[in-house]
Every structure is written in structure tokens, then in C-alpha cells.
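One structure is given here, and the rest of the page talks about it.
In my numbering, the protein residues as written are 39 to 115.
Listed below in C-alpha cells is the structure:
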């Protein structure tokens, strides 16, 4: 189990907790995604993801995030 505080730039600090039980070596992961809902400033939210298997195996974790689109300033004519 691992806990970390994530500071969002110009936003709240989020508490993230990860806990994993490693899966069998032959397991393949699909391209499914976990999408977290929007959270208002001053509020909190959490998602629980549980992966488990009864065999010992090495494990590798990674997280990717999409950056929001940049706002474009339009000139007045």
C-alpha cells in the first residue's frame, strides 16, 4: 500500500492511495481506461481500483494523464 499527496497546480491537494496484489505472469491488460470525474475546488472525491490474483509475480505500475486543452485568446476586431 502506498499513499501520496498530489498538489494540483492552482488547485487542491489530492490524497492518492494505491494498494496492489500482483497478478499471474500470463495476465494481459486491455486498453480499458479509468476515468475520474471532475471535482470542484474545495471538495474531494475518490475512486477505488482493485486488482488481485493468488499467484506471485512481478508488477510494474504507471500512470498517464491527458493535459487539458489550452485556452485560445481571440483578438477583438
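For glycine and all other residues, C-beta sits at the position ideal for the given N, C-alpha and C.
Within the DSSP bridge table, the entry for residue 45 names 51 as partners. Comparing alpha carbon positions, the residue from 56, 41, 57 and 51 closest to residue 81 is 51. Inter-residue distance for residue 40 and residue 57 is about 6 Å (C-alpha atoms, whole angstroms).
A Cβ-Cβ separation of about 11 Å leaves residue 46 out of contact with residue 54 under the 8 Å criterion.
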